[in-house]
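Below is one structure, written out as structure tokens; comments come after it.
Number of protein chains: 2
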Amino acid sequence: MDVRTVCLGLLSEADRSGYEIKKLLEDGPLGNFVEASFGAIYPALTRLTEDGLVEFRTEVQDGRPDKKTYSLTPAGRETFRKALAEPISPDRFRSDFLFVLWFAETLEADYLSEILDHRIAEFEAKIARIKSEHDRPEGPGPAFVAGQAIAIITAAKTYLEENRHLIEADSRTRIKTPRSFDATVLGD
Amino acid sequence: MDVRTVCLGLLSEADRSGYEIKKLLEDGPLGNFVEASFGAIYPALTRLTEDGLVEFRTEVQDGRPDKKTYSLTPAGRETFRKALAEPISPDRFRSDFLFVLWFAETLEADYLSEILDHRIAEFEAKIARIKSEHDRPEGPGPAFVAGQAIAIITAAKTYLEENRHLIEADSRTRIKTPRSFDATVLGD
DNA sequence: ACCCCCTATATCGGACCAACATAGGTTAGA
DNA sequence: TCTAACCTATGTTGGTCCGATATAGGGGGT
Chain V
7 MDVRTVCLGL LSEADRSGYE IKKLLEDGPL GNFVEASFGA IYPALTRLTE
57 DGLVEFRTEV QDGRPDKKTY SLTPAGRETF RKALAEPISP DRFRSDFLFV
107 LWFAETLEAD YLSEILDHRI AEFEAKIARI KSEHDRPEGP GPAFVAGQAI
157 AIITAAKTYL EENRHLIEAD SRTRIKTPRS FDATVLGD
Chain X
7 MDVRTVCLGL LSEADRSGYE IKKLLEDGPL GNFVEASFGA IYPALTRLTE
57 DGLVEFRTEV QDGRPDKKTY SLTPAGRETF RKALAEPISP DRFRSDFLFV
107 LWFAETLEAD YLSEILDHRI AEFEAKIARI KSEHDRPEGP GPAFVAGQAI
157 AIITAAKTYL EENRHLIEAD SRTRIKTPRS FDATVLGD
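Just so you know, the sequences run in chain order V and X.
Each residue of the first sequence is one higher than the one before, counting from 7 in the working numbering.
Each residue of the second sequence is one higher than the one before, counting from 7 in the working numbering.
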């Protein structure tokens with residue numbers, strides 16, 4: 007989903023500035039699945055304006071930089087409607103953490119335990135944040151998406167907690183029981 | 007995790023060509039969390055060679071293009087060891103699918119059901135593939151990573167199956183019960 | 001007084017992806 | 001038998017995007 011389409015989508019909900027779009031993607035539940043940097047958003051809005059899909063008015067603010075508030079044109083609304091019907095590309099889950107764990111056998115036991123603890127704590131914090139954000143429901147779509155975020159992160163956390171002994175034990179006793187592992191890792 | 011580090015990691019397991027690295031990331035369990043294109047891998051290997059972290063030998067093959075098989079130098083092995091101790095950047099889950107569902111209220115009921123069915127089927131296929139790949143265990147790290155992949159995808163699939171009625175029902179009856187949603191979405 | 005953070009727009013270097021180019025070999029179907 | 005599709009294998013190119021930086025005034029904390 008390119009940044010232009012993301013901008014169209016957020017502008018279909020309400021008129022917004024580039025800065026507001028960025029904040030929504032940083033702090034909002036949608037930000038768990040969609041990201042974009044300033045370096046992508048501002049050029050995207052410029053190009054959308056050139057193409058006649060959005061327009062903006064400059065709002066002079068007191069003690070703050072001027073704000074460019076963008077709104078969808080009818081052409082922009084139609085373009086977004088069509089974009090939603092396009093084939094959807096697959097989800098992409100990227101994890102440097104799991105890349106490191108791939109090499110668990112080569113890590114020191116203390117370091118391994120430390121990064122596992124740290125990651126579990128991060129997951130807990132993230133779950134708490136999404137839940138607190140969701141005291142104010144915004145409709146079935148957003149609620150559903152937030153729920154899916156919680157389901158996935160909870161599963162990841164639970165997996166780490168329940169299976170960490172498989173790699174932690176190994177890194178301490180790998181001379182004794184090399185390459186053995188509990189087959190139940192893979193479930194059934 | 008930049009592509010150069012990924013290459014060092016895979017070369018720390020065995021000597022490999024750029025093409026083999028790409029195939030491992032496409033088909034192997036690590037590919038669920040780490041990706042890289044040819045357009046990134048080949049320049050990365052060139053640069054690693056320039057920096058003295060890897061070296062290669064050209065293998066002339068019968069009826070096939072020559073293969074450049076890369077291997078780590080001691081400096082490369084040391085660089086990778088240090089890279090594993092660097093701070094780990096957060097996981098990133100990107101989903102165009104959930105972006106579309108964010109706008110579930112604006113989608114036609116048939117189309118919504120169709121993409122939900124499709125996504126659930128994709129998850130099932132992926133789970134089956136990872137499990138079959140894992141008939142041959144490769145050590146605790148890889149097994150653990152594959153297990154986490156299955157845990158996450160299973161959770162995502164289960165969530166879709168158990169909660170899809172919340173957005174499907176709504177898109178059919180949204181005039182009657184606008185913006186209502188089942189609070190149990192967010193679990194407890 | 002000093003520093004850090006917030007709002008707000010914008011640009012730049014570099015990393016990266018998707019697609020294409022090249023080239024011979026194999027497999028499968030009409 | 002032709003041919004279309006796919007596999008191995010390396011590489012380049014256009015364009016997208018991220019992370020950092022620039023600019024600039026205001027508010028809040030110590």
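Every residue, glycine too, gets a C-beta built ideally from N, C-alpha and C.
All of these numbers come straight from a predicted model, not from anything done at the bench.
Contact under 8 Å by Cβ, residue i with residue j
i        : j        : result
V/Leu14  : V/Thr85  : yes
V/Phe44  : X/Ser101 : no
X/Ile158 : V/Ile136 : no
V/Ile94  : X/Phe103 : yes
X/Val151 : X/Pro35  : yes
V/Phe129 : X/Phe99  : no
Sequence-distant residues of the same chain with beta carbon closer than 7 Å to residue i, five excluded per side
i        : result
V/Leu16  : Arg22, Ile27, Leu30
V/Gly58  : Thr79, Ala81
V/Ile47  : Val9, Cys13, Gly24, Ile27, Lys28
X/Gly193 : Unreliable positioning characterises X/Gly193 in this predicted model, as indicated by a pLDDT of 40, which lies under 50. A coordinate reading is not provided.
V/Ile126 : Lys163, Leu166, Glu167
X/Arg180 : Confidence is the limiting factor: at X/Arg180 the pLDDT is only 47, short of 50, which leaves the residue's position unreliable, though a coordinate-based value still follows. Counting only Cβ-Cβ distances below 7 Å, and skipping sequence neighbours, we find Glu111.
Assumed close pair residue i, residue j - CB separation to whole angstroms, cut-off 8 Å
i        : j        : result
V/Pro146 : X/Leu172 : 6 Å
X/Gly24  : X/Val60  : No, X/Gly24 and X/Val60 are not in contact; Cβ-Cβ is about 11 Å, not under 8 Å.
X/Gly153 : V/Asn169 : 6 Å
Best match in the options for proximity to residue i [C-alpha to C-alpha]
i        : options                              : result
V/Val9   : V/Arg53, V/Glu167, V/Phe103, V/Glu61 : V/Arg53
X/Ser18  : X/Lys88, X/Gly45, X/Phe44            : X/Lys88
X/Leu51  : X/Leu36, X/Asp68, X/Gly37, X/Val12   : X/Val12
V/Glu111 : X/Thr55, X/Leu90, X/Glu56, X/Tyr76   : X/Leu90
X/Tyr76  : X/Asp97, X/Glu56, X/Asp33            : X/Glu56
Contacting residues, own chain, Cβ-Cβ under 6 Å from residue i (five flanking each side not counted)
i        : result
X/Glu167 : none
V/Lys132 : Ile159
X/Pro49  : none
X/Ala20  : none
V/Met7   : none
X/Glu92  : none
X/Asp97  : none
Neighbourhood of residue i by C-beta, 8 Å cutoff - its chain only, sequence neighbours within 5 removed
i        : result
X/Glu174 : Ala115, Leu118, Ser119, Leu122
V/Glu41  : Leu31
X/Ile156 : Ile133, Ile136, Lys137
X/Asp33  : Glu139
Below 8 Å, can you find three or more Cβ-Cβ pairs linking the segment 62–77 of chain V to the segment 58–76 of chain X? no
Any contact of the segment 121–130 of chain V with the segment 159–172 of chain X, i.e. 3+ C-beta pairs under 8 Å? no
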